[in-house]
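K.L.:
So for the sequence shown, our numbering puts the first residue at 15; every next one is plus one. Here a beta-carbon is modelled for each residue, glycine too, at the ideal position from N, C-alpha and C. Before I ask anything, let me first share the structure, which is written out below as C-alpha cells.
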Amino acid sequence: MKHFFINFLLSIFFILPNWALKVLTLRKEITYKNEVFDYQSMIFISLISWFITKFGLALDMADFSNDMRVKMSNFRMKINNSHLPKKTINKEDHIIDKKNNLVLRQYSLESQMSDKAVLFFHGGGYAISNIDVYNPVVSLMCEELDSNIFSLEYSLSPENKFPKALEEANIAFDWLINHGYSKEQIIICGDSAGAHLAASLLHDLKARDKELPFLQVLIYPMVSPSLDFPSLDRLGENFLLTKEQMKWFWHYFRAEEANNLDSRFDLLKIDNNNKFNTKTVIITAGFDPLCDEAEAYAAKLNDMGKNVKQIHYPSLFHSFINITRLKTAKLATIDILREIKRNI
15 MKHFFINFLL SIFFILPNWA LKVLTLRKEI TYKNEVFDYQ SMIFISLISW
65 FITKFGLALD MADFSNDMRV KMSNFRMKIN NSHLPKKTIN KEDHIIDKKN
115 NLVLRQYSLE SQMSDKAVLF FHGGGYAISN IDVYNPVVSL MCEELDSNIF
165 SLEYSLSPEN KFPKALEEAN IAFDWLINHG YSKEQIIICG DSAGAHLAAS
215 LLHDLKARDK ELPFLQVLIY PMVSPSLDFP SLDRLGENFL LTKEQMKWFW
265 HYFRAEEANN LDSRFDLLKI DNNNKFNTKT VIITAGFDPL CDEAEAYAAK
315 LNDMGKNVKQ IHYPSLFHSF INITRLKTAK LATIDILREI KRNI
C-alpha cells in the first residue's frame, strides 16, 4: 500500500512544471559555485528523503544487515523513478563462476547492429543495491547503444572486502574475452562505486599487462578514501548521498590500512608512469558530494597525458541516471548514452 501511495504522489509530481512546483513549495533556490540546483531535483530529493525516513528505509550505519540491504533494494525497485525502454529487451543470466554463483546478466535487443559489449558495474558504495535495482537504466542503455550490456552482480561489503569485487570484475572481463569479444569491442562503465570498480579494473589489468578495453565511462565515480574534498564537505548533507555514508562505505570496503596506498583502491594513487591508453569519459554533477574527487581524477589523468574527457552537468546530483522521470536527469542520461555511442 505504501508503494502505491508513493508512486501515486510521484506520478503527480513528475508532471508538474517547475513554475507550479515553485508556487506549491515556496522553496528558495540552492546555489553552489555560482550554479543553481535543478528545482525539480531539489524537491524530489526532499520528497524521497521524507519517504525513506517515514518508512524506516534509511541506511542504518550502526546496525547494518543483509535484511536491511534487501529491504532498501526492494523499495527502490517498487518506486517508479525511471522511464523504461520502448523496445523489448531480452535478459539472460550467465553463471560465470559456478563455485561462487557469480551472475553476469546480459541485456540485448532482438536485432542489433553494434558488435560492442558494455561491461557495467552498478553503484551503491560497494555495500547496497544490485543488478535488479539497475534494470531500468541498463535496459535504457541497451536500447540507446544498440549493444549487448553485461551487468555484474558482484559481491558486496561489509561481508566481502577489497579486492573481492575487483576479482569478480576480472572474471567478468575474461569471460567476455573468452566468449569472442576483442578488447576493441569492450567498454567498461559504472556509476559511483561501480565507476570506481571500472577504473580499478583498468588499473589492475594494466598492472598485470593484460588486454585493456578501448573505452571506460565513469559516471560520478567514488575515487579516494581520503574524503578530503570541498564538495564532500559543502554538499555532504541533504543531497541524497552524505559524507557520513561515504565514510561508512570506505571503512567497510577496506580490508586493511595498506589498501589506502593501492591505486586500485585509491584511484588518485595511480603511478604517473602508468601507460594505459584506454579513452576515458568522466561524468560529474555540480551538486554531487563526489564531484571534486571525480574532477581530481580527471585532472590527474589529463596531467599524465591520457585521452580523458570530462562532461559536467552543473545542476544535477549524485544518482541522477537512476531517476530519469526527472526532466533534467533524463536529458543528461540520454546525453551520456549518446556520448558513449559516438565513441563506438
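1. Roughly how many angstroms separate the alpha carbons of Lys320 and Ala313, rounded to a whole number?
2. So the candidates are Asn184, Thr342, Leu23 and Arg268; which of them puts its Cα closest to the Cα of Ala141?
3. Which full runs of the beta strand (DSSP E) of 3+ residues lie inside the region 148-216, going along the chain?
4. Using DSSP's beta-bridge definition, name the partner residues of Asp107.
5. Identify the continuous beta strand (DSSP E) that holds Leu229 and give its terminal residues.
6. Helix, strand or coil for Lys257 per DSSP?
7. Would you mind sorting Met127 into buried or exposed? The rule is 16 or more other CB atoms within 10 Å of its CB.
8. Exposed or buried, which one is Asn336 when buried takes at least 16 other CB atoms within 10 Å?
9. Look up Thr39 in the DSSP assignment and say whether it is helix, strand or coil.
10. Do Ile297 and Leu216 come within 9 Å of each other at the CB atom, strictly closer than that value?
11. How about Phe19 and Ile57: are their beta carbons less than 9 Å apart?
12. Below 8 Å on the Cβ atoms is my contact criterion, and I expect Gly300 with Tyr46 to pass it. Report the Cβ-Cβ distance as a whole number of Å.
13. Nearest to Lys178 by alpha carbon, out of Ser206, Tyr266 and Met91?
14. State whether the region 146-157 contacts the region 179-191, with contact taken as three or more CB pairs (one from each stretch) at a distance under 8 Å.
15. Which of the three DSSP states is assigned to Gln324 in this structure?
16. Between which two residues does the alpha helix (DSSP H) containing Val237 stretch?
17. According to DSSP, is Glu225 part of a helix, a strand, or is it coil?
18. Is Lys92 helix, strand or coil when you go by DSSP?
19. Going by DSSP, what residues sit across from Val84 in a beta bridge?
20. DSSP state of Tyr140, grouped into three classes?
21. Which two residues bound the contiguous beta strand (DSSP E) that contains Leu133?
22. Where do the ends of the alpha helix (DSSP H) carrying Ile62 lie?
23. Ordered along the chain, which non-local residues of its own chain (more than five positions away) have a Cβ less than 6 Å from that of Asp228?
24. In angstroms, rounded to a whole number, what distance separates the CA positions of Met91 and Ser122?
25. Taking the Cβ atom as the reference point for each residue, do Asn286 and Glu182 lie within a distance shorter than 9 Å?
26. Cβ of Phe89 within 9 Å of Cβ of Gly204?
27. Relative to the C-alpha of Lys289, which residue among Leu345, Phe187, Arg222 and Pro239 is closest?
28. Can you look up Ala76 in the DSSP assignment and give me helix, strand or coil?
29. From the DSSP output, in three-state form, read off His301 for me.
30. Could you check if Asp317 is buried or exposed, using at least 16 other CB atoms within 10 Å of its CB as the buried criterion?
31. Alpha carbons only, please: which of Leu275, Leu282, Arg278 and His332 is nearest the one belonging to Asp302?
32. How would you write the range of the alpha helix (DSSP H) that Leu351 sits in, first residue to last?
33. Which same chain residues, not among the five before or five after Thr347, have their C-beta less than 8 Å away from its C-beta?
P.N.:
Judging by the given coordinates:
1. Working through the sequence shown from its first residue, we reach residue 320 at position 306. Working through the sequence shown from its first residue, we reach residue 313 at position 299. Using only the alpha carbons, I get a separation of about 10 Å.
2. To locate residue 141, count along the sequence shown from 1; it is residue 127. Ala141 has its Cα closest to that of Arg268, out of Asn184, Thr342, Leu23 and Arg268.
3. 162-166 and 200-205
4. Within the sequence shown, the letter at position 93 stands for residue 107. Answer by DSSP bridge pairing, in chain order: Arg119.
5. For this step, residue 229 is matched to residue 215 along the sequence shown. Where Leu229 is concerned, the enclosing beta strand (DSSP E) stretches over Leu229 to Ile233.
6. Against the sequence shown, residue 257 aligns to sequence position 243. In this structure, DSSP gives Lys257 a helical state, which the three-state scheme calls helix.
7. In the sequence shown, the residue the question calls residue 127 occupies position 113. Exposed, since its Cβ has fewer than 16 Cβ neighbours within 10 Å.
8. In the sequence shown, residue 336 corresponds to position 322, counting from 1. Asn336 is buried by the Cβ-count criterion.
9. Walking along the sequence shown from the start, residue 39 turns up at place 25. Helix.
10. Start at 1 with the first residue of the sequence shown, and residue 216 comes out as number 202. Start at 1 with the first residue of the sequence shown, and residue 297 comes out as number 283. Not a contact, by the Cβ cut-off of 9 Å.
11. On the sequence shown, residue 19 is found 5 positions in, with the first residue counted as 1. On the sequence shown, residue 57 is found 43 positions in, with the first residue counted as 1. Not closer than 9 Å, so no.
12. In the sequence shown, residue 300 corresponds to position 286, counting from 1. In the sequence shown, residue 46 corresponds to position 32, counting from 1. With 8 Å as the limit, Gly300 and Tyr46 qualify as a contact, their Cβ atoms being about 7 Å apart.
13. In the sequence shown, the residue the question calls residue 178 occupies position 164. Among Ser206, Tyr266 and Met91, the Cα nearest to that of Lys178 is on Tyr266.
14. These segments do not touch.
15. Your numbering for residue 324 matches position 310 in the sequence shown. Of the three classes helix, strand and coil, the one that applies to Gln324 here is strand, per DSSP.
16. Position 223 of the sequence shown, counting from 1, holds the residue named residue 237. Run containing Val237: none; DSSP gives neither H nor E here.
17. Numbered from 1 along the sequence shown, position 211 holds the residue referred to as residue 225. Of the three classes helix, strand and coil, the one that applies to Glu225 here is coil, per DSSP.
18. The residue you call residue 92 lines up with position 78 of the sequence shown. If DSSP states are grouped into helix, strand and coil, Lys92 belongs with the helices.
19. Looking up residue 84 in the sequence shown gives position 70. None; Val84 has no bridge partner.
20. Stepping through the sequence shown from its first residue, residue 140 is reached at position 126. Coil, per DSSP.
21. Locating residue 133 in the sequence shown gives position 119, where the first residue counts as 1. From DSSP, the beta strand (DSSP E) with Leu133 extends over Ala131 to Phe135.
22. Numbered from 1 along the sequence shown, position 48 holds the residue referred to as residue 62. Here the alpha helix (DSSP H) through Ile62 covers Tyr53 to Lys68.
23. Within the sequence shown, residue 228 is the residue found at index 214, counting from 1. This sequence places Phe at residue 228; Asp is not what is there. Closer than 6 Å at Cβ, skipping near neighbours: Glu198.
24. Numbered from its first residue, the sequence shown carries residue 91 at position 77. Numbered from its first residue, the sequence shown carries residue 122 at position 108. If I take the Cα positions, the gap works out to 21 Å.
25. In the sequence shown, counting from the first residue as 1, residue 286 sits at position 272. In the sequence shown, counting from the first residue as 1, residue 182 sits at position 168. No.
26. For the purposes of this step, residue 89 is taken as the residue at position 75 of the sequence shown. For the purposes of this step, residue 204 is taken as the residue at position 190 of the sequence shown. Cβ atoms of Phe89 and Gly204: not closer than 9 Å.
27. Against the sequence shown, residue 289 aligns to sequence position 275. Taking only the C-alpha atoms, the option nearest Lys289 is Arg222.
28. Taking the sequence shown and counting its residues from 1, the one referred to as residue 76 is at position 62. The answer is coil: DSSP assigns Ala76 none of H, G, I, E or B.
29. To locate residue 301, count along the sequence shown from 1; it is residue 287. The residue asked about is misnamed: residue 301 is Phe in this sequence, not His. Three-state DSSP puts Phe301 in a strand.
30. Counting from one through the sequence shown, the residue named residue 317 turns up at place 303. It is exposed - the Cβ of Asp317 has fewer than 16 other Cβ atoms within 10 Å.
31. Here residue 302 is taken as the residue at index 288 of the sequence shown, counted from 1. Sorting Leu275, Leu282, Arg278 and His332 by C-alpha distance to the C-alpha of Asp302 places His332 at the top.
32. On the sequence shown, position 337 is the one that residue 351 refers to. Here the alpha helix (DSSP H) through Leu351 covers Lys341 to Arg356.
33. Here the question's residue 347 lines up with position 333 in the sequence shown. Within the same chain, Thr347 has close Cβ partners Val151, Leu154, Phe334, Ile335 and Thr338.
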